[in-house]
């Protein structure tokens with residue numbers, strides 16, 4: 001048997017290739033859209049990808065199943081357990097070779113088998129695959145759990161309700177998740193757990209950074225698996241779930257049928273430091289993202305741009321804050337261009353049309369003038385708030401704000417700024433989050449909307465460390 005894990009850092013997403021070396025067949029489970037790496041490994045191992053397996057309709061990235069099936073002439077195996085439920089029902093393009101799966105079905109590749117287990121909760125159609133290497137033992141070695149069971153967490157059941165608008169599905173999903181966990185509670189504790197995501201994913205609320213685990217370890221240590229009653233579990237699972245990225249609804253729609261092929265997506269042009277071009281773009285209805293660090297953006301930026309630093313949270317914030325209907329351009333270090341394009345393809349932002357080098361800042365300043373915004377220490381912000389020189393806005397989640405917040409601060413969750421910024425008080429504003437990262441993005445959004453804004457360095461963590469006034 002051959003088994004390999006792939007990890008996409010942009011989305012903290014795991015995918016897997018499993019194959020039978022005797023027959024030369026391989027299956028890929030939950031592939032990302034950038035499929036070259038799977039074909040490279042298959043060629044190295046002298047395997048042919050004949051099957052592409054989906055655990056569920058993904059909400060956080062564009063599935064690579066169609067891309068892979070088209071290139072490999074492979075069959076897509078997907079769950080039919082969601083039939084009759086519009087939120088869990090696939091609608092594949094008729095040109096694709098597909099095979100629907102039900103609970104109890106088996107996929108056989110030589111001595112390697114994958115048994116299908118229906119594990120609803122995260123989504124109604126969700127299935128997991130139990131792997132057995134028949135050449136070594138008739139006992140299963142592990143389970144590909146998708147977004148059902150993670151290391152240290154389980155899949156969140158509220159995405160359909162919060163992101164897609166399926167009424168009353170969160171509590172129903174939580175109850176289904178409780179029942180699904182009961183299905184595996186008595187399985188062999190040595191069973192390996194291969195999840196669909198790691199730390200940094202928005203598909204759970206507290207995923208572990210360790211890539212794999214065992215069922216026995218999760219039963220002992222996973223907080224979600226310590227509840228004896230359904231009521232206690234449901235309350236725990238639905239509490240303190242963060243606002244889902246806005247693009248999740250777009251991903252659900254795309255993944256039901258399969259996205260356009262990457263060969264049909266636009267290429268991105270490299271404009272270097274072309275000042276006239278970026279000035280022309282800023283006069284049109286396009287989005288220009290400055291992907292430099294928040295410190296660099298605060299010191300100097302081109303008016304009308306939005307700052308989303310290229311880091312581990314980049315794809316989630318891009319999907320949440322950027323329109324899928326407008327062309328997108330970037331100011332970024334040249335060595336990151338390909339990685340940014342990869343991340344944008346992963347979340348379906350195929351309208352990425354061009355890149356500019358940071359060298360454009362100096363030339364733009366000479367031609368038109370750049371902008372900046374102040375960064376205050378918590379003490380400075382507090383003193384200015386106390387003397388009525390500014391208002392303070394908390395851009396964290398509502399549950400974070402309700403626990404404890406800066407005394408007198410307004411709360412506006414980051415995802416709501418574009419639509420609700422007119423509700424904020426006029427005059428100077430200082431924004432904060434937990435550490436200063438989210439609020440830096442918020443500062444750029446508010447600056448683009450015309451606000452006189454500054455960011456609070458170190459966020460609420462530093463505010464508390466300096467023992468400044470708080471409320472709950």
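Numbering (the UniProt record's numbering), first residue to last: 1 to 472.
Heads up, the beta-carbon is just placed ideally off N, CA and C, and yes, glycines get one too.
As the structure is a prediction and not an experimental result, all values here were calculated from the model.
Only counting the same chain, and skipping five residues up and downstream in sequence, which positions put a Cβ closer than 8 Å to that of residue 122? 56, 146, 147, 148, 154, 155, 156, 157, 159, 173, 177 and 203
Quick one: what's residue 192 bridged to in DSSP? 142 and 214
Does DSSP put residue 56 in a helix, a strand or coil? coil
Three-state secondary structure (DSSP) at residue 234? helix
If distances are taken between C-alpha atoms only, which option among 437, 379 and 411 comes closest to residue 296? 437
Tell me whether residue 310 sits in a helix, a strand or coil according to DSSP, three-state version. coil
Is residue 138 buried or exposed, if buried means 16 or more other CB atoms sit within 10 Å of its CB? exposed
Report yes if the C-beta distance between residue 537 and residue 355 is below 8 Å; otherwise report no. In this structure the chain extends from 1 to 472, so residue 537 is not present and cannot be described.
Straight-line Cα distance separating residue 339 from residue 326: 21 Å
What residues match up with residue 356 in a beta bridge as DSSP calls it? 272 and 331
Give me the Cβ distance between residue 140 and residue 132, rounded to the nearest whole Å; I'm assuming they're in contact under 8 Å. 5 Å
Report all residues from its chain with a CB closer than 6 Å to the CB of residue 271; omit the five preceding and five following residues, and keep chain order. 277, 354 and 356
Would you identify the three-state DSSP class for residue 25, choosing helix, strand or coil? strand
Is there a C-beta anywhere in chain B that falls below 8 Å from the one on residue 174? In the structure shown, chain B does not exist; there is a single protein chain.
Taking all protein chains shown into account, decide if residue 30 is buried (16 or more other Cβ within 10 angstroms of its Cβ) or exposed. buried
With respect to the beta strand (DSSP E) encompassing residue 453, which residues constitute its N-terminal and C-terminal limits? 453-456
Nonlocal neighbours in the same chain, by C-beta distance under 8 Å from residue 50, ignoring five residues either side: 25, 26, 27, 72, 74, 75 and 109
Would you report the Cα separation of residue 279 and residue 445, rounded to the nearest angstrom? 19 Å
Cβ-Cβ separation, residue 415 to residue 243 (assumed contact under 8 Å), whole Å: 5 Å
Please report the Cβ distance between residue 79 and residue 54, rounded to the nearest whole angstrom; I am assuming they are in contact, meaning their Cβ atoms lie under 8 Å. 7 Å
Three-state secondary structure (DSSP) at residue 201? coil
Thinking just about the alpha-carbon of each residue, which of 181, 45 and 261 is nearest to the one in residue 233? 181
Please confirm whether residue 258 and residue 282 have their CB atoms less than 8 Å apart. no
Which residues mark the beginning and the end of the alpha helix (DSSP H) in which residue 509 is found? The structure shown does not extend to residue 509, since the chain is modelled only from 1 to 472, so the question has no answer here.
Give a yes or no on contact between the stretch 391-408 and the stretch 424-432, applying the rule of three or more CB pairs nearer than 8 Å. yes
Looking at the structure shown, is residue 13 part of a helix, part of a strand, or coil, going by DSSP? strand
Please report the straight-line C-alpha distance between residue 95 and residue 285, rounded to a whole angstrom. 36 Å
Quick check on the DSSP output: the alpha helix (DSSP H) that includes residue 41 runs from which residue to which? 36-44
Specify, as a first and last residue, the run of the beta strand (DSSP E) that residue 108 falls within. 106-109
Please classify residue 122: does DSSP put it in a helix, a strand, or coil? coil
Which of helix, strand or coil does DSSP assign to residue 364? helix
Under the assumption that residue 273 contacts residue 351 (Cβ atoms under 8 Å), give the Cβ distance between them as a whole number of angstroms. In fact, because the Cβ distance is near 23 Å, the residues do not count as touching under 8 Å.
Quick check: residue 106 and residue 113, are their CB atoms within less than 8 Å of each other? yes
What is the DSSP secondary structure of residue 78, counted as helix, strand or coil? strand
Straight-line gap, residue 161 to residue 46 (C-alpha atoms, nearest Å): 44 Å
Can you grab the Cα-Cα spacing for the pair residue 380 / residue 472, in whole Å? 22 Å
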